[in-house]
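Encoded as structure tokens, the structure appears first; notes follow it.
Protein chains: 2
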Amino acid sequence: MLTNRQLLILQVTVDDFIETAQPVGSRQLSKKEEVPFSPATIRNDMADLEEMGYLEKTHTSSGRVPSQKGYRYYVDNMLTPQRISKSEIKQIRSIFEERMVETEQVIRKSAAILSELTNYTSIMLGLDVRKHRVKRFSIVPLTDDSAVAIIVTDSGHVENRVFSIPESFTASDIERMVNLINERLVGVHLHELPAKLEAVTLAVLRQNNGRLNDLLGSLNKALTIEHEDKVYYGGKMQLLNQPEFNDVEKARSIMYWMDHVNQMPGLFHLDQKGIQIRIGTENNHLAMEDCSIITASYDIGEEQIGSIAIIGPTRMDYKRVVSLLDVMSGDLSRELSKILHGPHG
Amino acid sequence: MLTNRQLLILQVTVDDFIETAQPVGSRQLSKKEEVPFSPATIRNDMADLEEMGYLEKTHTSSGRVPSQKGYRYYVDNMLTPQRISKSEIKQIRSIFEERMVETEQVIRKSAAILSELTNYTSIMLGLDVRKHRVKRFSIVPLTDDSAVAIIVTDSGHVENRVFSIPESFTASDIERMVNLINERLVGVHLHELPAKLEAVTLAVLRQNNGRLNDLLGSLNKALTIEHEDKVYYGGKMQLLNQPEFNDVEKARSIMYWMDHVNQMPGLFHLDQKGIQIRIGTENNHLAMEDCSIITASYDIGEEQIGSIAIIGPTRMDYKRVVSLLDVMSGDLSRELSKILHGPHG
DNA sequence: TATTAGCACTCTATATGAGCGAGTGCTAAC
DNA sequence: GTTAGCACTCGCTCATATAGAGTGCTAATA
Numbered sequence: 491m492l493t494n495r496q497l498l499i500l501q502v503t504v505d506d507f508i509e510t511a512q513p514v515g516s517r518q519l520s521k522k523e524e525v526p527f528s529p530a531t532i533r534n535d536m537a538d539l540e541e542m543g544y545l546e547k548t549h550t551s552s553g554r555v556p557s558q559k560g561y562r563y564y565v566d567n568m569l570t571p572q573r574i575s576k577s578e579i580k581q582i583r584s585i586f587e588e589r590m591v592e593t594e595q596v597i598r599k600s601a602a603i604l605s606e607l608t609n610y611t612s613i614m615l616g617l618d619v620r621k622h623r624v625k626r627f628s629i630v631p632l633t634d635d636s637a638v639a640i641i642v643t644d645s646g647h648v649e650n651r652v653f654s655i656p657e658s659f660t661a662s663d664i665e666r667m668v669n670l671i672n673e674r675l676v677g678v679h680l681h682e683l684p685a686k687l688e689a690v691t692l693a694v695l696r697q698n699n700g701r702l703n704d705l706l707g708s709l710n711k712a713l714t715i716e717h718e719d720k721v722y723y724g725g726k727m728q729l730l731n732q733p734e735f736n737d738v739e740k741a742r743s744i745m746y747w748m749d750h751v752n753q754m755p756g757l758f759h760l761d762q763k764g765i766q767i768r769i770g771t772e773n774n775h776l777a778m779e780d781c782s783i784i785t786a787s788y789d790i791g792e793e794q795i796g797s798i799a800i801i802g803p804t805r806m807d808y809k810r811v812v813s814l815l816d817v818m819s820g821d822l823s824r825e826l827s828k829i830l831h832g833p834h835g
Numbered sequence: 491m492l493t494n495r496q497l498l499i500l501q502v503t504v505d506d507f508i509e510t511a512q513p514v515g516s517r518q519l520s521k522k523e524e525v526p527f528s529p530a531t532i533r534n535d536m537a538d539l540e541e542m543g544y545l546e547k548t549h550t551s552s553g554r555v556p557s558q559k560g561y562r563y564y565v566d567n568m569l570t571p572q573r574i575s576k577s578e579i580k581q582i583r584s585i586f587e588e589r590m591v592e593t594e595q596v597i598r599k600s601a602a603i604l605s606e607l608t609n610y611t612s613i614m615l616g617l618d619v620r621k622h623r624v625k626r627f628s629i630v631p632l633t634d635d636s637a638v639a640i641i642v643t644d645s646g647h648v649e650n651r652v653f654s655i656p657e658s659f660t661a662s663d664i665e666r667m668v669n670l671i672n673e674r675l676v677g678v679h680l681h682e683l684p685a686k687l688e689a690v691t692l693a694v695l696r697q698n699n700g701r702l703n704d705l706l707g708s709l710n711k712a713l714t715i716e717h718e719d720k721v722y723y724g725g726k727m728q729l730l731n732q733p734e735f736n737d738v739e740k741a742r743s744i745m746y747w748m749d750h751v752n753q754m755p756g757l758f759h760l761d762q763k764g765i766q767i768r769i770g771t772e773n774n775h776l777a778m779e780d781c782s783i784i785t786a787s788y789d790i791g792e793e794q795i796g797s798i799a800i801i802g803p804t805r806m807d808y809k810r811v812v813s814l815l816d817v818m819s820g821d822l823s824r825e826l827s828k829i830l831h832g833p834h835g
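The listed protein sequences correspond, in order, to chains X and C.
All residue numbers for the first sequence refer to our numbering, where the first residue is 491 and numbers rise by one.
All residue numbers for the second sequence refer to our numbering, where the first residue is 491 and numbers rise by one.
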């Protein structure tokens with residue numbers, strides 16, 4: 491559909507705008523050596539590109555700016571991966587040099603470095619807690635009628651909840667229950683725990699029947715772990731450095747968005763592998779309509795999938811970010827697997 | 491030093507500016523019925539007040555604005571407590587109606603309501619974890635050479651850290667150690683734990699001597715709990731609604747401050763009781779020079795002190811905020827004590 | 001003597017218009 | 001098919017004019 495020259499002009503226009511944040515005009519383009527055409531020729535092609543929806547004008551006599559469709563086309567067809575310099579790769583690898591034992595630590599540091607290398611805001615989604623498996627369960631009584639339930643998962647993560655205990659239960663009842671769980675429910679996914687808990691305990695603790703339901707109810711309620719992803723940011727304020735957000739209204743709505751993403755359902759599609767790019771309104775959120783989010787998934791072992799993302803203006807440096815995320819997600823998969831499955835596994 | 495009329499004018503000026511955010515002029519003031527003087531008279535007094543440093547002009551022919559010294563005087567001498575309406579008190583009490591068992595929950599909800607009632611940003615400092623006491627200690631092995639240490643405190647809080655175990659230690663070594671701690675170190679403050687740990691275990695686990703130091707070292711490092719206060723916000727973005735922050739630079743530095751307060755040492759003086767007001771530069775931080783922070787302490791039992799605070803523009807409604815914080819801190823002291831010491835204690 | 005009216009002055013905010021520059025679209029020439 | 005040329009449009013900047021709010025000072029007033 492597009493002529494070669496139009497392709498060239500679209501690409502150079504997007505590249506230039508990404509770099510300068512200024513609408514790009516025909517004269518300016520014709521000065522570049524990659525574009526050996528006169529301004530008039532360029533104008534004609536730009537007019538065509540505008541008609542087809544790839545470019546836009548901010549006002550009648552301004553230069554052109556890529557439209558969302560333009561970015562989409564650029565991203566889908568013109569993304570030549572950029573080489574990441576050795577020093578940058580070294581910087582990424584440095585995350586894993588000091589032996590760290592906690593995934594959270596690794597994730598935090600990754601977020602920081604990613605943001606430093608891109609000058610955009612980075613987001614790391616913590617692993618979905620519900621996919622972890624029970625390794626050890628225990629209950630510690632607090633007062634006469636309340637206790638805290640503690641679950642250690644295979645990944646070393648610890649979840650804890652306070653719940654209330656009906657009066658008729660004694661310490662030894664509780665102990666029996668804990669033993670039961672440790673015998674039978676190790677290896678169960680956290681999100682399955684409440685259901686299984688009921689099945690297992692009902693069969694055995696029958697004698698306390700009347701009150702058992704109360705206990706189970708209260709415990710299940712406490713143990714029901716919402717799908718509340720933990721979100722780590724790196725360079726949260728970086729976005730505000732971009733000229734497109736020099737406006738308090740926009741700044742606020744973005745900040746607000748960031749503080750509340752984890753409460754918004756389905757903003758990240760964790761189930762998709764590889765690198766995804768969502769541009770402007772593709773993010774399905776008003777606050778994000780001037781932003782693009784590039785997400786890369788990494789996996790740990792076989793099933794657990796985590797995500798890292800960079801959020802920047804639609805005018806972000808896609809080439810570079812995609813390449814960086816690629817390196818980073820590979821390294822993360824490798825290193826987190828090591829941590830979780832031990833140096834020998 | 492100040493004549494009665496000057497006092498009146500200062501007060502009315504501050505009140506008016508708090509309300510309107512506009513510099514207040516003499517003519518405007520003379521229209522109010524509390525001020526039965528002509529503009530000329532008011533001008534004279536205002537000029538005096540300016541000379542003494544209580545008022546400022548934004549430019550030569552503008553109205554006056556309270557200076558930091560002016561606010562300070564106002565706050566120290568003119569703060570008549572405001573009556574809190576019954577419906578508002580009811581709203582505050584609603585926090586404690588549904589029986590909540592976790593202090594964190596209570597604190598979160600308090601933050602939200604406080605911000606809603608004031609239209610400013612609220613900050614709740616979580617209790618200083620280091621002052622909690624050990625209730626139960628346990629260690630769960632993760633891999634061959636790492637394990638997670640879990641401490642439940644008397645308040646129901648759970649701390650956990652991953653640490654590494656030298657190879658020569660067996661499961662039963664670890665078990666002995668855990669038992670030892672649960673026998674001897676229950677009731678110890680969290681911040682004293684590392685020191686005491688060493689004293690207790692050295693005496694008993696002597697046989698494993700060479701490696702014990704490694705284990706203790708790694709465990710102590712993990713258990714050393716920094717003074718890192720947990721900070722909960724309510725209405726984090728409220729501040730950006732204030733006209734004085736309609737500027738991305740300021741907005742950013744405030745957001746940044748909020749995200750990093752807990753890493754800045756000594757910004758809250760937890761040891762002081764009662765209500766404190768810090769105005770502008772009294773906060774000792776550039777980002778806060780247009781803000782005031784009003785802090786109220788509450789206590790739980792006898793020694794633990796927590797803080798709630800409201801952060802708003804220096805032009806904030808001191809009367810109202812002070813009164814609200816007063817009610818809130820009282821209620822919090824009462825209710826949190828109940829939770830922590832149980833319904834019968 | 002303390003207060004007030006009056007007046008000249010200052011500064012901001014807002015609107016208006018001119019001039020410049022960058023850019024466009026169209027047409028005619030190459 | 002490409003380019004040169006030209007008229008036109010729009011935004012930006014700068015200067016100027018004007019209105020309005022407020023001040024400081026002086027002289028009149030109670």
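Ideal Cβ placement from N, Cα and C applies to all residues, glycine included.
Asked                                                                                                                                        : Found
For residue 836 of chain C, the nearest candidate out of C/513, C/763, C/545, C/622 (CA to CA)                                               : No information on residue 836 of chain C is available, as it lies outside the stretch 491 to 835 that chain C covers here.
Cβ pair residue 587 of chain X, residue 607 of chain X closer than 8 Å                                                                       : no
Assigned secondary structure, residue 639 of chain C (DSSP; H/G/I helix, E/B strand, else coil)                                              : strand
Sufficient close CB pairs (3 or more, under 8 Å) joining the region 788-799 of chain X to the region 546-556 of chain X                      : no
Three-way DSSP call (helix, strand, coil) for residue 740 of chain C in this model                                                           : helix
Bridge partner(s) assigned by DSSP for residue 842 of chain X                                                                                : There is no way to answer for residue 842 of chain X, as the model of chain X reaches only from 491 to 835.
Beta carbon proximity, residue 511 of chain X to chain C, threshold 8 Å                                                                      : no
Cβ pair residue 648 of chain X, residue 638 of chain C closer than 8 Å                                                                       : yes
C-beta neighbour in chain X for residue 494 of chain C, strict 8 Å                                                                           : no
Contact set between residue 632 of chain X and chain C, taken where Cβ atoms lie within less than 7 Å                                        : 646
Test: residue 730 of chain C CB closer than 8 Å to a CB of chain X                                                                           : yes
Any 3 or more C-beta pairs closer than 8 Å across the region 741-754 of chain C and the region 620-635 of chain C                            : no
Pair within 8 Å by beta-carbon distance, residue 532 of chain C and residue 551 of chain C                                                   : no
Chain C contact for residue 749 of chain X (CB, 8 Å cutoff)                                                                                  : yes
Distance, residue 614 of chain X Cα to residue 601 of chain X Cα                                                                             : 6 Å
Residue span of the beta strand (DSSP E) that contains residue 648 of chain X, given as start and end                                        : 648-654
CB contact check: residue 753 of chain X to chain C, cutoff 8 Å                                                                              : no
Per-residue burial, residue 505 of chain X [other beta carbons within 10 Å of its own, 16 or more giving buried]                             : buried
Which of helix, strand or coil DSSP assigns to residue 508 of chain X                                                                        : helix
Residue 473 of chain X: contacting residues in chain C (beta-carbon distance under 9 Å)                                                      : Given that chain X is displayed from residue 491 to residue 835, the structure contains no residue 473 of chain X and the question cannot be resolved.
Proximal residues of chain X, C-beta to C-beta of residue 726 of chain C below 9 Å                                                           : 745, 746, 749
Through-space distance from residue 645 of chain C to residue 833 of chain C, alpha-carbon basis                                             : Interpretation of residue 833 of chain C is limited by its pLDDT of 46, a score under 50 that renders its predicted location unreliable; no figure is taken from the coordinates.
With 16 other Cβ atoms within 10 Å as the buried cut-off, status of residue 724 of chain X                                                   : buried
Inter-residue CB distance, residue 765 of chain C and residue 812 of chain C (contact presumed, cutoff 8 Å)                                  : 6 Å
Separation of residue 792 of chain X from residue 835 of chain X, as counted between CA atoms                                                : For residue 835 of chain X, the pLDDT reaches just 36, beneath the cut-off of 50, and the residue's location in the model is therefore unreliable, leaving the point undetermined.
Any C-beta of chain X under 8 Å from that of residue 588 of chain C                                                                          : no
Minimum Cβ-Cβ distance from residue 537 of chain X to chain C less than 8 Å                                                                  : no
Neighbouring residues, chain X, relative to residue 625 of chain C (Cβ below 8 Å)                                                            : 630, 632
Chain-ordered chain X contacts of residue 668 of chain C [CB-CB under 8 Å]                                                                   : Simply none; closest approach about 12 Å.
Chain-ordered neighbours of residue 592 of chain C on chain X, where CB pairs are closer than 7 Å                                            : 652
Assigned exposure category for residue 514 of chain C - 16 Cβ within 10 Å defines buried                                                     : buried
Minimum Cβ-Cβ distance from residue 834 of chain C to chain X less than 8 Å                                                                  : Since pLDDT at residue 834 of chain C reaches only 42, below the 50 mark, its modelled position is unreliable, and no value is offered.
Cut-off 6 Å between Cβ atoms - residues of its own chain near residue 597 of chain C, not counting five sequence neighbours on either side   : 614, 722
Exposure label - residue 652 of chain C; buried when at least 16 CB within 10 Å                                                              : buried
Beta-carbon contacts of residue 789 of chain C that lie in its chain and below 7 Å, excluding the five residues immediately before and after : 795, 823
N-terminal and C-terminal residue of the alpha helix (DSSP H) that residue 633 of chain X is part of                                         : It is not in any alpha helix (DSSP H) - residue 633 of chain X instead sits in the beta strand (DSSP E) that spans 624-633.
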